[in-house]
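**Student:** Just so we're on the same page, this note's numbering is the position in the sequence shown counted from 1, plus 7. Note that the Cβ used here is the ideal one computed from N, Cα and C, for glycine as well. A quick note: this is a predicted structure, and the numbers were derived from the prediction, not measured.
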Amino acid sequence: MSNINYRRGLLATTIIGGAAMVMAATPSFAQEADQPAEVGEIVVTGSRIARQDYRSTSPVVTTDAADFQQTGAVTIESLLNDLPQFTPSIGSTSNNPSNGGQANINLRNLGTNRTLVLVNGRRLVPSNASGAVDVSIIPTALIKNIEVISGGASAAYGSDALAGVANFILNENFEGIQFDAQYGQTDRDDGVTQSYSLTVGGNFADDKGNMVLSVGRSTREMIFNAARPFAAVSGASTTSPLGSTILDAGNRPSEAFMASYFGVPVGPGGQLGFNDDGSIFAYTGKVNVQNPAGAGIEYTAPGANYTFNTGPLNYMQLPLDRWNAYAGGNYHINDNAEVYVNALFTQYVADSELAASPAANATGFRVPSTNPFITADLRSFLNARPDPDASFLLNKRFTSLGGRHSKDEYNVYQLTTGIRGEVPKSSWTYDVYASYGRVSNVTTQSGNVSRSSVQALLDAADGGVSLCAGGFDPFGVTNLSAECVSFIGRSARNQTVTEQRVVEASLQGKAFDLPAGEVRVAFGVQYRQDDYDFQADGSLAQINPVTPHLGADGLPDGGNVGGSEIAGFNPSQPLSGGTSSRELFGEALIPLLADLPFIQALDLTVGYRYADYNLTGGTSAYRADLDWTIIDGLRVRGGYNRAVRAPSIGELFSPVNVGFPAIGAASADGIEGDPCDVNSSYRQPGNPNAAAIQALCVAQGIRAEDYATFVYSNEQVQGVSGGNPDLFEETSDSWSVGVVWQSPFSQPLLSGISTSVDYYNIEITDAIGAITVDQQLQGCFNATGENPTFDPNNSYCQLFSRDPLSGNITNTFENNANLGMVKTSGIDFQADWRFDLADAGAPAWGSLDVNAIVSWLENYEDNVVAGGVFTDRTGTISSVFGRTFPEWKSLTTINWSNGAFGAGLRWRRVGEMEIFNGADTLPAIDYFDLNGSWSIHDNVSLRAGVNNLTDEQPNVYSPGVQANTDPSTYDVLGRRYYVGLTAKF
């Protein structure tokens, strides 16, 4: 039977070094010149054809199990995110937004749902409605290597591979017993991580079969933002525990009254806060602010205007407790049939913590003028209104309920079984398998607030005393009784189940001979079905009728009440749906020329896949790649790929949900925030469009008399989003060309050099997404040149509205659609050099392995709608996770080994970036990691390391993603240490 397996070494490119440190005598990287003379047929990631070499026509980066030990990583994504080809996304330091503890990977910054994740060349069950895979469920202890190819790969694997593929190769033939343990923490004595694994495997039945069992546990402790000075003051919010109001437009005190009370002009339309002593303060200018007695840094964040500091109350590092188990076996029945089966199981718990629930503007409340807790100062403001008996808006943060805590509990399993072998009396091989995967997630939330219950307390004639002990005094910091906490507090429990079923049969082998060599082909069929079911807690799904607020006389007295029942975590509606596809695929490797001057070999690989989706119909993906070996050690490779991505279940069926997307803060040099805000760049002196902007703001609902002092005192807006059953597939066209050089020299010092340079270009059309609220505002106010007449009827302007009582943005509409394009291109450079120190003229003190991966981003741009203006994002960073585009990013490793000892140095560099649509530039940042190992004897080795050796602090900028920075791009934990032990018998 043919020995078909996944290759262990270099795919004619590079591998990030690591095993040289852990297993000093056996370096992890391998080059074509170093391959053994006799190898079995190899299945290369990105292809379905088994071949006798390790060559790939696509750029490939490979990392192996030793790299986990070298970096001290306990989660897979933390290692992959160091590679320049990946953009860190929501992960272990992502608290808000969070992804429930999941670890998704994002190749080429094209999105987690456009990066296909495989295990041993087979799909892994998705973990959410977007179709993205949680890589943390893969058993780290059994990973031999991870192969990452860039560019479309739908012809080989189907939908989702627009950006590329990450293929996790597991050791299916493990023999022996291996125990591994690791402990780490930061030098601030926090953020402890631990991991333990035990793997047992061996052959049986005269080596006809093998079975392996691996069990592991990893934990990670929480860190709060308050533990790091750069993040201790962050997340400024205008919704404070003190409570505040914006008095209704058309029913406000005069400017003279306001100036008389505060002593300075503050304008009648600004936000007013409630001090504990009963007095009133103005948010604008922080006039008359009286912090509560004993208040900490969570009150009055720095700035010209009043804001509440929510940052220290949020997690910086999310806690995690995860168990992994994997069992697999295979048995050779005869030369033509091998049966195999494996089962993967993961159980883990992840938490997130946010500041106490806010309710503001659209989720705020109405207070009747008869409320018994109204203070004397506030009464004077109310009586100065044209209608003193009208109700008024209340914004409030409910600190009495504690923080908003979310706990996600996952149970994941995937079963795969199949039969493979050699077709009798031929060199052809086959593989038939079926897999079933299921992800069950229960999310428990606490700290939510029932808006209807709060409104009932406010409307009660006695201030709610008859409903719960002490009632609800909203003016100033509120200390609710336990009975009132129970009356308004709500916990929620959501349940999600994701399932995937795959059945596939494939056949590959030699078709016929040509003068240049044999033509090899592969073809097969696949059926795939994905199902998703999300059941929201009844309180989160509850939408109350929106009705006018009624006063004590039963008549409307201003404003509306109702809407989403819950303030706190975002309201959610149930979602259930499924998709399926039937697919045919084929591939051919055709040798065109061979053994000619400057053409040792010229091979063409072509592939095609047709998929018929039950909802979106038929799609086609195809590829054509050339591999030209010019002379020994010099190759040129490249090709074209057409890839597709069918819309996910969430994109198709997601119901209308209420959310609170961020728009950032208005500033004089950026286009974030509300363009109508007096502090925004749109309203700076000298703007030739000043009159048109004012007219547009007034047409949208801001009162003309309020325009001069209008401030939008929040960085979020309320909006709705949802799916679209009429979506169709995204399409990408990608091509690459590269050169691979391996040293032809026999001189020992130079014989171990290999390099590759690859250019890539990817264009995605009909990209699925929504026009986000910041894009709506920027399009409406012509920041991108798409509303030059400032017409309020422009399509962007129609996607949001304003509250007529306050002028605040509300009811944004972000439904999915096939929109515009995404284009990216760049160059990857990779180099390896291995040599003995003695060959360099130094003492015979071992060998060095040097590896460098450098990525240059030539271009990244997108447009919101087809035919629209392109936005260039190259070299920028924004306030959204995963929207980081450094022009330069690199990873360099130097590993030294000498007998039982090894040491290594890693250099991670993130290039400088401009703040998107801002004037500031963040400098490049360099991180250095040091590691060492000692093989005590053949069976036991120790390791230790220091990450972020120089304790580099993250670049701080505003508006940051979280904690005043981007915690996915920059290291927010600081210097940290780890020690580990591996014992194998």
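Relative to the C-alpha of P654, which candidate in N962, G79, T738 and V643 has its C-alpha closest?
**Tutor:** T738
**Student:** Tell me whether G680 sits in a helix, a strand or coil according to DSSP, three-state version.
**Tutor:** coil
**Student:** In three-state DSSP terms, what is R195?
**Tutor:** coil
**Student:** Using the three-state DSSP reduction, which class does M265 fall into: helix, strand or coil?
**Tutor:** helix
**Student:** For G545, is the classification buried or exposed, using 16 other Cβ atoms within 10 angstroms of its Cβ as the cut-off for buried?
**Tutor:** Under this definition G545 is an exposed residue.
**Student:** Using only CA atoms, which one of A774, V132, G159 and G79 lies nearest to R649?
**Tutor:** G159
**Student:** Can you find the residues in the same chain that come closer than 7 Å, C-beta to C-beta, to F992, ignoring five residues on each side of it along the sequence?
**Tutor:** G183, I184 and N946
**Student:** Is the segment 401-421 touching the segment 360-367 in the sense that three or more CB pairs, one from each, lie closer than 8 Å?
**Tutor:** yes
**Student:** Should D978 go down as buried or exposed, given a rule of 16 or more other Cβ atoms within 10 Å for buried?
**Tutor:** buried
**Student:** What is the DSSP secondary structure of A650, counted as helix, strand or coil?
**Tutor:** strand
**Student:** For L422, collect the residues of the same chain with a Cβ closer than 6 Å to its Cβ; drop the 5 residues on either side in sequence, then sort them by chain order.
**Tutor:** A350 and Y443
**Student:** Using three-state DSSP, classify I709 as helix, strand or coil.
**Tutor:** The three-state reading of DSSP puts I709 in coil, since its state is none of H, G, I, E or B.
**Student:** For G874, which beta-bridge partners are listed by DSSP?
**Tutor:** Looking at the DSSP assignment, G874 forms no beta bridge with any residue, so it has no partner.
**Student:** For W863, which residues does DSSP report across the bridge?
**Tutor:** I834 and W895
**Student:** Who are the near neighbours of D328 in its chain, counting only those whose CB is closer than 6 Å to its CB and skipping five residues on each side?
**Tutor:** These residues qualify, in order along the chain: T226 and V356.
**Student:** Nearest to R55 by alpha carbon, out of P481, P811, R527 and G191?
**Tutor:** R527
**Student:** Can you tell me whether DSSP reads L408 as helix, strand or coil?
**Tutor:** helix
**Student:** Just checking my contact of G726 with N822 at CB under 8 Å: how many whole Å lie between their CB atoms?
**Tutor:** At roughly 10 Å, the Cβ-Cβ gap does not stay under 8 Å, so G726 and N822 are not in contact.
**Student:** If you count every other CB in all the chains shown that lies within 10 Å of the CB of I340, and 16 or more means buried, which is it?
**Tutor:** exposed
**Student:** Could you tell me the boundaries of the alpha helix (DSSP H) in which D639 lies?
**Tutor:** DSSP places D639 outside any alpha helix (DSSP H), giving it a letter other than H or E.
**Student:** Just to confirm, are E868 and K896 a CB contact at a threshold of 8 Å?
**Tutor:** No, Cβ-Cβ distance for E868 and K896 is not below 8 Å.
**Student:** How should V917 be labelled, buried or exposed, when 16 other C-beta atoms within 10 angstroms of its C-beta is the threshold for buried?
**Tutor:** buried
**Student:** Just reading off the beta strand (DSSP E) that T612 is part of, what are its end residues?
**Tutor:** I606 to Y620
**Student:** On the criterion of 16 or more Cβ atoms from any shown chain inside 10 Å, does Y61 qualify as buried, or is it exposed?
**Tutor:** Low local confidence applies: a pLDDT of 46 at Y61 is under 50, so the model's placement there is unreliable, with the coordinate-based value given in what follows. Flag for Y61 reads buried.
**Student:** Excluding the five sequence neighbours on either side, which residues of its own chain have a C-beta within less than 8 Å of the C-beta of F735, listed in chain order?
**Tutor:** T623, G624, P654, D773 and N825
**Student:** Measure the C-alpha to C-alpha separation of S1006 and I112 and round it to an integer number of angstroms.
**Tutor:** The requested residue 1006 is not part of the displayed model; the chain covers only 8 to 992.
**Student:** What did DSSP end up calling I656 once you bin it into helix, strand or coil?
**Tutor:** helix
**Student:** Near T796, which residues of its chain fall below 8 Å by C-beta distance, leaving aside the five closest residues on each side in sequence?
**Tutor:** A699
**Student:** Who are the Cβ neighbours of Q536 in its own chain at under 6 Å, not counting the five residues just before and after it?
**Tutor:** R508 and S587
**Student:** Straight-line CA distance for G318 to Q969?
**Tutor:** 8 Å
**Student:** Buried or exposed, going by whether 16 or more other CB atoms sit within 10 Å of the CB of Q38?
**Tutor:** Its pLDDT being 33, under 50, Q38 is placed unreliably in this model, and the coordinates cannot settle the point.
**Student:** Would you please state the rounded distance, in angstroms, between the beta carbons of I901 and L855? I believe it to be under 8 Å.
**Tutor:** 7 Å
**Student:** If we ignore side chains and look at the alpha-carbon of each, how far apart do Y190 and E228 end up?
**Tutor:** Rounded to whole angstroms, the gap between the alpha carbons of Y190 and E228 is 12 Å.
**Student:** Enumerated in chain order, which unbroken segments of the alpha helix (DSSP H) with a length of 4 residues or greater are wholly contained in the segment 478-539?
**Tutor:** 489-495, all fully within the segment 478-539.
**Student:** Less than 7 Å between C-beta atoms, sequence neighbours within five positions excluded: which residues of the same chain meet that for G53?
**Tutor:** S63, S65, I156, A160, A163 and V172
**Student:** Should F288 be labelled buried (16 or more other beta-carbon atoms within 10 Å of its own) or exposed?
**Tutor:** Buried, because 16 or more other Cβ atoms sit within 10 Å of the Cβ of F288.
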